[in-house]
Amino acid sequence: AQRVTQPEKLLSVFKGAPVELKCNYSYSGSPELFWYVQYSRQRLQLLLRHISRESIKGFTADLNKGETSFHLKKPFAQEEDSAMYYCALSGRAGGTSYGKLTFGQGTILTVHP
Amino acid sequence: NAGVMQNPRHLVRRRGQEARLRCSPMKGHSHVYWYRQLPEEGLKFMVYLQKENIIDESGMPKERFSAEFPKEGPSILRIQQVVRGDSAAYFCASSPKTSGSGEQFFGPGTRLTVL
C-alpha cells in the first residue's frame, strides 16, 4: 500500500522567511514523488518532481529514502507563494510510472506581508 | 491547447438521481484519471482509463459508480442513485500516451452536491 502524509494542514510565515512543507511517504517499491500546487481559483498544477532535481519558483525538494521524506523548501517566501500544496506519490517500475497518484491531505501556505 | 475540460462545473442532484460527469483530456492525451476530494480531505484516486479500457479501478466503489473512456468523445464518470455521501469535488486528469514522467494535467473539477 502507498501512503502520503502531510502533517501540517496550515502553515503561516512572513514574507522573506524560509518555509518548509513536510511530506512523508510509505511505499515498498521505487516511488516517484511530486509536489502539486493549487493557487486561488486555479486548477491543480505540477510544481516539481523529484526525478528532475530542478528548482521551480525558488522551491526545491529532495527525496530522502532513509527518512522516506520529500519536504518542500524555499529560503525566502513570497506573498504569491500562498496556495494549497499537495505532495503526491506514484509507483514506478522499469522507468515507467504506474499512473495512479496518491496524494497527501494538503498544506495551506499563507505568506504574510 | 485548452487543457483538460470538465463539465459541468457544478452539479446538483437529489438523492436517488443519477450524476454524469464529463472529462475531455488534453489534445494528444490518451490516459485519463479520476479523483475524488471529499470535504477536508485530499484527492483520492478512483479509476485510470485508456481509450476503451479500464486499467485500474481499485479506488472506485464497487456499487453505483462506473467510468468509461470511449474511442470517440469524453470520459464519463457515472454515479447511479446518488447519496449525500457522494457530495464531493471530482477531478479528472490526463497524461500523454508515452508518459514516463508521471505528470498528470488536471481539470478544474466538478463539484457535486447531493440534496
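Here the protein sequences line up with chains A and B, keeping their order. 1 is the number of the first residue of the first sequence in the working numbering; add one for each residue after it. 1001 is the number of the first residue of the second sequence in the working numbering; add one for each residue after it. Glycine included, every Cβ here is placed at the ideal spot set by N, Cα and C. This one's a predicted model, so the numbers in the text were calculated from it and none came from an experiment.
Among the candidates B:R1064, B:E1068, B:G1085 and B:R1015, whose CA atom is the shortest distance from the CA of B:H1031?
B:E1068
Closest by CA to B:I1072, which one among B:R1064, B:A1019 and B:G1028?
A small fix is needed here, since residue 1072 of chain B is Glu in this sequence, not Ile. Of the candidates B:R1064, B:A1019 and B:G1028, the one whose C-alpha sits nearest the C-alpha of B:E1072 is B:G1028.
Sub-9 angstroms separation of A:T102 and A:V4 beta-carbons
yes
Look at the alpha carbon of A:P31 and the alpha carbon of B:P1039, and state the distance between them as a whole number of angstroms.
27 angstroms
For chain A, check one thing: does any of its Cβ atoms lie closer than 9 angstroms to the Cβ of B:V1082?
no
4-residue-minimum alpha helix (DSSP H) runs that sit fully inside the segment 1001–1074 of chain B, ordered along the chain:
none
Below-9 angstroms beta-carbon distance, B:S1058 vs any chain A residue:
yes
Counting contacts by CB-CB distance shorter than 9 angstroms, is B:S1087 in contact with chain A?
no
Any beta-carbon of chain D closer than 9 angstroms to the one on A:T60?
In summary, chain D is missing from the structure at hand, where the protein chains are A and B.
Going by DSSP in three states, A:H112 sits in which element: helix, strand or coil?
strand
In chain A, what lies closer than 9 angstroms to B:L1011 by C-beta?
Residues of chain A passing the Cβ test: none, with the nearest at roughly 18 angstroms.
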